[in-house]
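Peer 1: Each residue of the sequence shown is one higher than the last, beginning at 0 in numbering that gives the first Met the number 0.
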Amino acid sequence: MRQFVRSFFVLISLFLTVGANAQTLQEIREAQTLLIRADRNPGPVDGAWGRRTEAALVDFLAERGLEFEGALTNEHLNLLRKAPEGPEFVRRAIGLRNTLPRILRDNRDQPENEPVNVTAGRELAEWADPSPNLVTLRFYLSKYLNNIYNFQHFVAEPSENPRSIAFKVTPNRYLSAQMNYTAMTSYLFYKDGAVIHDERSPESRFGDKVTDETGLWSNSVGKSMVSYLLAHAICEGHIGGVDTRLDDWPLIEDTVYDNQRIRDIADMRAGDQKLVDNWKGLISSGRWYNTTSIGDFARNELRGTKPAGQEGKRPHNYSGLPTNILLNYVIHKLGDDFENFMNRVFGDHVGVENRVLFFRNSGIKVEEGLGWYQFRASRYDYLRIAMTMLEDWESGNCQGQYFRDILARAAPKNRTGRVRYVSIDESLRYAGQFHAVYRGMENRNVLGMDGYGGQLILMDFDNASAIVVNSIHLDYDYYQLVHRAIQNGKLP
0 MRQFVRSFFV LISLFLTVGA NAQTLQEIRE AQTLLIRADR NPGPVDGAWG
50 RRTEAALVDF LAERGLEFEG ALTNEHLNLL RKAPEGPEFV RRAIGLRNTL
100 PRILRDNRDQ PENEPVNVTA GRELAEWADP SPNLVTLRFY LSKYLNNIYN
150 FQHFVAEPSE NPRSIAFKVT PNRYLSAQMN YTAMTSYLFY KDGAVIHDER
200 SPESRFGDKV TDETGLWSNS VGKSMVSYLL AHAICEGHIG GVDTRLDDWP
250 LIEDTVYDNQ RIRDIADMRA GDQKLVDNWK GLISSGRWYN TTSIGDFARN
300 ELRGTKPAGQ EGKRPHNYSG LPTNILLNYV IHKLGDDFEN FMNRVFGDHV
350 GVENRVLFFR NSGIKVEEGL GWYQFRASRY DYLRIAMTML EDWESGNCQG
400 QYFRDILARA APKNRTGRVR YVSIDESLRY AGQFHAVYRG MENRNVLGMD
450 GYGGQLILMD FDNASAIVVN SIHLDYDYYQ LVHRAIQNGK LP
């Protein structure tokens, strides 16, 4: 019995010691990525310390005559960073996936032992465990692409003079490897006036369904597109500015958003934290904010509601409802000219090569507030939008002043503890529907757009660079391919 008690407390002590010494989420993700590069199998690159990650590190250290002492250390990370690429990693990087020929076949002809794993909810769970196989990813890719037929749209047509894009592309083995075994469909790195890295998923994975012309879903990247529409509406004189109050829209009278400043709604500090939740929708009813009109909510769940807390000091409450309020307010102000306005923004100002669109719910009058922020654009048109934003900033035009204003007054997110979205967790503030003030780049003018499933645009205004990622699932190495690539100006 004494031996059992002693062993029990040794185990508890070891557990507590490991927990106390655990590295940050980003350092664990880096270790997982570097272990893959060294031909170990740490499991998903998810920032979670588990048995597979520990076993991979133990094996890596044992090969070097070292012992694992219960926690990932900075010395381990330095060893991993200096370790050469393993032959299997190199083989993957040049696209020779001959050990997995069957998985790379079209999902119509998959073997029985590769089933489609459908997760609960509308979309593929972002932290699915085990990681989704190719068949599952292709299933969700088709679902997302076909979702466009379930809604009506506000459309901006292709520009007669699309913005030109210069290319000075150099290959990168790590990026190619990631593109060959993750759910990324597209990756673009723009720097010094040209695209320096350009990868699209190979035909054997998703390239047969995703071309350079395919309209790719935005998820919450669309929130930032709504902000860009708002900037243009201000610059055209339809809206006074970000400090304008919503006091001229009868649809939202006697609701929490009535008479609120646009800035507070855009920063998601509208005092609606007791009314709407990013995951649950409208708290009192559970209805989802993207599939119901603003008017319906105003007459029901939001009727008679007031903001919680003092203006200017309310906590950040991230959800899609404030974005839809802003989008439909712009639609309200533009009236029948809204699609012409979209053409001025995306056709004339940006110069898109393919049509872009926002979703609108079917069977609802425009006056009811039917628009929502889901956006579609081709991979290069997402880049064109980012390039235009960089040019706005540099030129100091009205839209550029809008960016400078929202970034200068970015509001704290008030996050505590670890959150599920790694990329969102890397930004400390929120600026008018953009993520801002990124860890390690706190003194740089960087704005980010982030959407469920790994949709990302990160822009560094100081260095005129941008990275655009489209993906089916967040299983790629965000830190190396996006965060540190922007931070260092290069890929690993």
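Heads up, the beta-carbon is just placed ideally off N, CA and C, and yes, glycines get one too. Everything numeric in this text was worked out from a predicted model, so none of it was measured.
(1) Assuming contact is defined by CB atoms lying nearer than 8 Å, are G533 and E212 in contact in what I supplied?
(2) Using C-beta distances below 7 Å, list every residue in its chain close to P41, excluding the 5 sequence neighbours before and after it, in chain order.
(3) Where DSSP assigns a beta bridge to G370, which residues make up the other side?
(4) Give every residue of the same chain whose Cβ lies closer than 7 Å to the Cβ of F153, excluding the five residues on either side of it in the sequence, and list them in chain order.
(5) Suppose you measure from the CA of S163 to the CA of I195; what does that come to, to the nearest Å?
(6) Leaving aside the five residues before and after L140 along the sequence, list all residues of the same chain whose C-beta is less than 7 Å from its C-beta, in chain order.
(7) Using 10 angstroms around the beta-carbon of T135, count the other beta-carbons present and answer buried if the total reaches 16, otherwise exposed.
(8) Roughly how many angstroms lie between the CA atoms of P273 and G64, to the nearest whole one?
(9) Please name the residue, chosen from L215, A410, N396, that lies closest to I233 on a Cα-to-Cα basis.
(10) Tell me the DSSP secondary structure of H237 in three-state form.
(11) Could you tell me how far apart the beta carbons of S200 and M183 are, in whole angstroms, since I believe they sit closer than 8 Å?
(12) Helix, strand or coil for A376? Go by DSSP, reduced to three states.
(13) Compute the Euclidean distance between the alpha carbons of A435 and I423, then round it to the nearest angstrom.
(14) Just how far apart, CA to CA, sit D474 and N149?
(15) My output table needs one value for F67: the three-state DSSP class, helix, strand or coil.
(16) How many Å lie between V329 and D335 at the Cα?
(17) Roughly how many angstroms lie between the CA atoms of K312 and G49, to the nearest whole one?
(18) Spell out the partners DSSP gives N289 in its beta bridges.
(19) Output needed for F296: all residues of its chain with C-beta closer than 7 Å, excluding positions within five of it in sequence on either side, in chain order.
(20) Is it the case that the Cβ atoms of Y189 and A385 are separated by a distance below 8 Å?
(21) Does DSSP put I471 in a helix, a strand or coil?
(22) Need the endpoints of the alpha helix (DSSP H) that A194 sits in, please.
(23) If you scan the stretch 150-180 from start to end, which runs of the beta strand (DSSP E) of 3 or more residues do you find wholly inside it?
(24) Taking the beta carbon of T181 as the centre, do at least 16 other beta carbons fall within 10 Å, making it buried, or is it exposed?
(25) How long is the line joining the alpha carbons of S283 and D257, rounded to whole angstroms?
(26) Using the Cα positions of K305 and S394, report the straight-line distance between them to the nearest angstrom.
(27) Which of the three DSSP states is assigned to L103 in this structure?
Peer 2: Reading from the atomic positions:
(1) Coverage of the chain is limited to positions 0 through 491, which leaves residue 533 absent and any answer about it impossible.
(2) Q31, L34, I35, R51, T52, A55
(3) R359
(4) F337, E338, M341, L356, F357, R359, G370
(5) 15 Å
(6) F205, K208, I471
(7) buried
(8) Reading the sequence as shown, one finds Lys at residue 273 and not Pro. Rounded to whole angstroms, K273 to G64 spans 56 Å at the Cα level.
(9) N396
(10) coil
(11) 7 Å
(12) strand
(13) 9 Å
(14) 27 Å
(15) coil
(16) 11 Å
(17) 39 Å
(18) In the DSSP output, where bridge partners are listed per residue, N289 has none listed.
(19) L281
(20) yes
(21) coil
(22) Going by the sequence as given, residue 194 is Val instead of Ala. It is not in any alpha helix (DSSP H) - V194 instead sits in the beta strand (DSSP E) that spans 193-199.
(23) 151-155
(24) buried
(25) 19 Å
(26) 40 Å
(27) Only weak support exists for where L103 lies, its pLDDT of 33 falling under 50; the coordinates are left without a value.
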